[in-house]
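Beneath this line is the structure, given in structure tokens, with notes to follow.
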Amino acid sequence: MTSTAYEHGIHVRPATAADAEAVLLITDAGFGVSSEPENQYEFSVFPLEQALVAVDGERVVGYSAVRPQTITVPEGRSVLAETIANVAVAPTHRRRGILRALYTEQHRRTEAAKRPITAFTASQGGIYGRFGYAPAVVTHDIVVQRAQAEFRADAPDPGGVELTPIPVARQVIPEIYQRWQRVTPGAQQRPGVSWAMLFDDPVHRRGGGTRLFALVHADGYALYRYHRRATGSAVEVVELRAVTPVAYAGLWRALLALELFDRVEASVVPGDPLPYLLTDPRQVYTVAHRDALWLRLMDVPAALTARGYAGDLDLVLAVHDPFRDAGGAFALRVCEGVAECAPTERAADAELGIDVLAGMYLGAHRARAFAAANRLRTGDPALLRALDTAFGSEREAALGWFF
Ligand SMILES: CC(C)(COP(=O)(O)OP(=O)(O)OC[C@H]1O[C@@H](n2cnc3c(N)ncnc32)[C@H](O)[C@@H]1OP(=O)(O)O)[C@@H](O)C(=O)NCCC(=O)NCCS
5 MTSTAYEHGI HVRPATAADA EAVLLITDAG FGVSSEPENQ YEFSVFPLEQ
55 ALVAVDGERV VGYSAVRPQT ITVPEGRSVL AETIANVAVA PTHRRRGILR
105 ALYTEQHRRT EAAKRPITAF TASQGGIYGR FGYAPAVVTH DIVVQRAQAE
155 FRADAPDPGG VELTPIPVAR QVIPEIYQRW QRVTPGAQQR PGVSWAMLFD
205 DPVHRRGGGT RLFALVHADG YALYRYHRRA TGSAVEVVEL RAVTPVAYAG
255 LWRALLALEL FDRVEASVVP GDPLPYLLTD PRQVYTVAHR DALWLRLMDV
305 PAALTARGYA GDLDLVLAVH DPFRDAGGAF ALRVCEGVAE CAPTERAADA
355 ELGIDVLAGM YLGAHRARAF AAANRLRTGD PALLRALDTA FGSEREAALG
405 WFF
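The sequence shown begins at 5 in the working numbering and counts up by one.
Printed below as a string of structure tokens:
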């Protein structure tokens, strides 16, 4: 078995079936969970045999799981990304560079597999910038004061939403998700085991709420559960996906009609239309602004030519990538939404970190915001406007399923 030596006597090698118990101990201790009843799920979403372990002698002291996922990128294109999950280091071995060693090895493998991007969801925000990652999908947690939320007279009222038994919903919802996923940057194709985890709905994953309920429209669905808490009653929207604005309005009409409950809680994209559908937009409170998906470009030309663009560009980007000792100057030319990109010797028009490019990649963050923070440097305001337009996305980025 190949194994790579790092500092402090740590080796990184591929995980094997014999590591399962030690890995679960590391991840349970790392995330503060008890995963025993879900073991069958854990390794079927992210197979143990594809993962890496860090070992100190014989002892497993670090873990990092991986699987390829097809992710939609702007203008309805898609990319096969390497996605990383469940990274944890033993509490006895932290801050000795084990995470750094796992990522170094993982990046080597991703490069060999020629995946243009890597992605993950993160439990902490201060760690991954140094490795070239940035949040590329943003989500807002909202609370709607249900009784005060009234629809405007001109808000769509399509009907066609049905309270659907879960066994029926699990048959029809994956096809609706697929249509939504294909047009939504950041959304991933979803494996059957992820659907099983959602619909099997084990009691210990309900956060104290009821079982799942499903509202289904031909072009969208909402899965939700009820909570009765000391602080008041609430409807928790577990997942709402709508292919069309009309389906979206129809689903929210049904959710806001759940009249025995004070609040409706959901996660939405920053430009969510719900406040625009109501007579009083203040009834939708944003209680948190969170990152949902982090990205890294592993191959700048392959990643930049994989997505579509909303405007033309012709410039040279100087990209800094110290963690992989990569980067360089890249000529990027976009014509009618299609990009060509290659290393160049030409002088740069703009300079930025590889993480900044990741932040802009799905259209969730604007070039001008990074420029204001001195993380994208150019002397040309027109170029900044062109970058903002070109890197924008008609449809806002959203995470498909949490991993
Ligand atoms: C997060 C975790 C994986 C870090 O592992 P680690 O082996 O201690 O990290 P390393 O020693 O390799 O640190 C790498 C770099 O990240 C920094 N870093 C590590 N944890 C950090 C934290 N919580 N906040 C800010 N920086 C952090 C280190 O200072 C180091 O910086 P440098 O190399 O630029 O000097 C580990 O603390 C852990 O298992 N935490 C609990 C589970 C978890 O949060 N997993 C992450 C899931 S997204």
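From the three backbone atoms N, C-alpha and C, an ideal C-beta is built for every residue, glycine too.
Local Cβ density within 10 Å of residue i, reported as buried at 16 or more and exposed below that
i, result
"Thr96", "exposed"
"Gln152", "exposed"
"Met5", "exposed"
"Phe334", "buried"
"Gln128", "exposed"
"Pro72", "exposed"
"Thr188", "buried"
"Cys339", "exposed"
"Ser38", "exposed"
"Arg389", "exposed"
"Phe327", "buried"
"Ser68", "buried"
"Ser271", "buried"
"His369", "buried"
"Glu62", "exposed"
"Ala22", "exposed"
"Leu317", "buried"
"Gly367", "buried"
"Leu167", "exposed"
"Glu344", "exposed"
"Phe35", "exposed"
"Arg350", "exposed"
"Asn378", "exposed"
"Glu86", "buried"
Spatial distance of residue i from residue j (CA atoms)
i, j, result
"Asp266", "Ala258", "14 Å"
"Ala222", "Val241", "19 Å"
"Glu398", "Val268", "27 Å"
"Trp405", "Ala200", "12 Å"
"Ser296", "Thr290", "For clarity, residue 296 is Ala in the given sequence; the question names Ser instead. Using only the alpha carbons, I get a separation of about 16 Å."
"Gly13", "Gly101", "11 Å"
"Ala55", "Ile30", "13 Å"
"Pro277", "Leu260", "15 Å"
"Gly136", "Thr125", "14 Å"
"Ala19", "His111", "16 Å"
"Thr8", "Ala218", "48 Å"
"Val16", "Val59", "6 Å"
"Thr74", "Arg186", "10 Å"
"Glu154", "Leu282", "5 Å"
"His231", "Thr122", "36 Å"
"Asp284", "Arg156", "9 Å"
"Leu216", "Thr348", "54 Å"
"Phe407", "Glu79", "24 Å"
"Pro171", "Leu264", "25 Å"
"Tyr228", "Ala238", "10 Å"
"Thr114", "Val342", "25 Å"
"Ile177", "Leu262", "21 Å"
"Tyr313", "Glu11", "43 Å"
"Leu52", "Asp392", "41 Å"
"Leu106", "Gln149", "45 Å"
"Glu109", "Gly164", "51 Å"
"Thr144", "Thr214", "According to the sequence displayed, residue 144 carries His and not Thr. His144 and Thr214: Cα-Cα distance of roughly 24 Å."
Neighbourhood of residue i by C-beta, 6 Å cutoff - its chain only, sequence neighbours within 5 removed
i, result
"Arg174", "Phe203"
"Glu400", "Val273, Gly275"
"Pro2", "Outside the modelled stretch of the chain, which goes from 5 to 407, sits residue 2, for which no answer is possible."
"Val57", "Ala19, Asp23, Val64, Tyr67"
"Leu403", "Val141, Gly190, Ala296, Leu297"
Contact set for residue i: own chain, Cβ-Cβ below 7 Å, skip 5 residues either direction
i, result
"Ala310", "Val77, Arg81, Val83, Pro120"
"Gly236", "Asp266, Arg267"
"Leu380", "Ala354, Leu356, Val360, Ala371, Phe374"
"Val323", "Val304, Gly331, Gly332, Phe334, Leu356, Ile358, Leu361"
"Ala279", "The sequence given here places Pro at residue 279; Ala does not occur at that position. Contacts found: Pro285, Val288."
Sequence-distant residues of its chain with Cβ nearer than 8 Å to residue i (five each side left out)
i, result
"Val197", "Tyr45, Ser48, Val49"
"Gly224", "Ile180, Trp184, Leu244, Arg245, Ala246, Val247, Thr248, Ala251, Tyr252, Gly254, Leu255"
"Pro195", "Val49"
"Gly315", "Val338, Ala390, Thr393, Ala394, Gly396"
Identity of the residues DSSP links to residue i by a beta bridge
i, result
"Ile14", "Asp60"
"Asp325", "Ala330"
"Leu244", "Ala226"
"Pro347", "Phe334"
"Ser237", "Arg232"
"Trp298", "Phe124, Pro139"
"Tyr365", "In DSSP, Tyr365 forms no bridge with anything."
"Thr290", "Ile146"
Residue i at chain B interface by Cβ criterion, 8 Å
i, result
"Val141", "The structure shown contains no chain B; it is built from a single protein chain."
Inset, instruction - Within the stretch 184-213, note down every full alpha helix (DSSP H) run reaching 4 residues or more, in order along the chain. - result: 196-204
Ordered list of beta strand (DSSP E) runs contained in the stretch 47-95, each at least 3 residues: 56-60, 63-77, 81-93
Extract the residue ranges of the alpha helix (DSSP H) inside the stretch 107-182, only unbroken runs of 4 or more that lie entirely within it. none
- Query: Which ranges would you report for the alpha helix (DSSP H) in the stretch 249-274 if only whole runs of at least 4 residues count?
  - Reply: 249-259
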